[in-house]
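Undergrad:
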Amino acid sequence: MECRIRIKLRFAGVLKIFAGDNEIDVEIPCGSSIKDLIARLGSSNPKLFSRLMDGKELMPDIYIAINDVDVRLLKGLATPLKDGDTVLFLSYIHGG
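Take the sequence shown: its letter number 47 is residue 47 in the UniProt record's numbering, and every next letter is one higher.
Written out as structure tokens, the structure reads:
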């Protein structure tokens, strides 16, 4: 049997509309990264994926945190996930 982990996804701002809910529990393979998680989300929700990613890069107005820590302070999209993690996706507005 393949190793699996359970994580909680939280969506804030306009991303709640794209995700269809503000909180979702998912099960993914052990060793998955944020990038793997986004790819999995994209296979079931292309609209959400297109709001999160610009090709292979994260959209500039998307903030992702794992257990309240900005992924940019970790390993970015390569940050590994572990069982019980909470991942927040937030779309913020840039000032001008």
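C-beta atoms are modelled at their ideal positions from N, C-alpha and C, and glycine is treated no differently. Fair warning: this is a prediction, and the values are worked out from it, not measured in the lab.
Determine the burial state of Val-69: buried for a count of at least 16 other Cβ atoms within 10 Å of its Cβ, exposed for fewer.
TA: It is exposed - the Cβ of Val-69 has fewer than 16 other Cβ atoms within 10 Å.
Undergrad: Quick check: the segment 74-82 against the segment 43-51, are at least 3 beta-carbon pairs closer than 8 Å?
TA: Touching, no.
Undergrad: Where does Leu-15 fall in DSSP's three states?
TA: Correct three-state label for Leu-15: helix.
Undergrad: Per DSSP, Tyr-63 forms a beta bridge with which residues?
TA: Leu-90
Undergrad: Going by alpha carbons, who is nearest to Leu-88 out of Phe-11, Gly-55, Arg-51?
TA: Phe-11
Undergrad: Is Ser-32 helix, strand or coil by DSSP?
TA: coil
Undergrad: Under DSSP, the alpha helix (DSSP H) around Arg-72 begins and ends at which residues?
TA: Arg-72: not part of any alpha helix (DSSP H); DSSP gives it neither H nor E.
Undergrad: Please look up how many angstroms separate the CB atoms of Ser-33 and Ile-62, rounded, as I've assumed it's under 8 Å.
TA: In this structure, Ser-33 and Ile-62 do not form a Cβ contact; the two beta carbons are roughly 16 Å apart against a cut-off of 8 Å.
Undergrad: Tell me the DSSP bridge mates of Met-53?
TA: Leu-58
Undergrad: Does DSSP put Leu-9 in a helix, a strand or coil?
TA: Collapsing the DSSP output to three states places Leu-9 in a strand.
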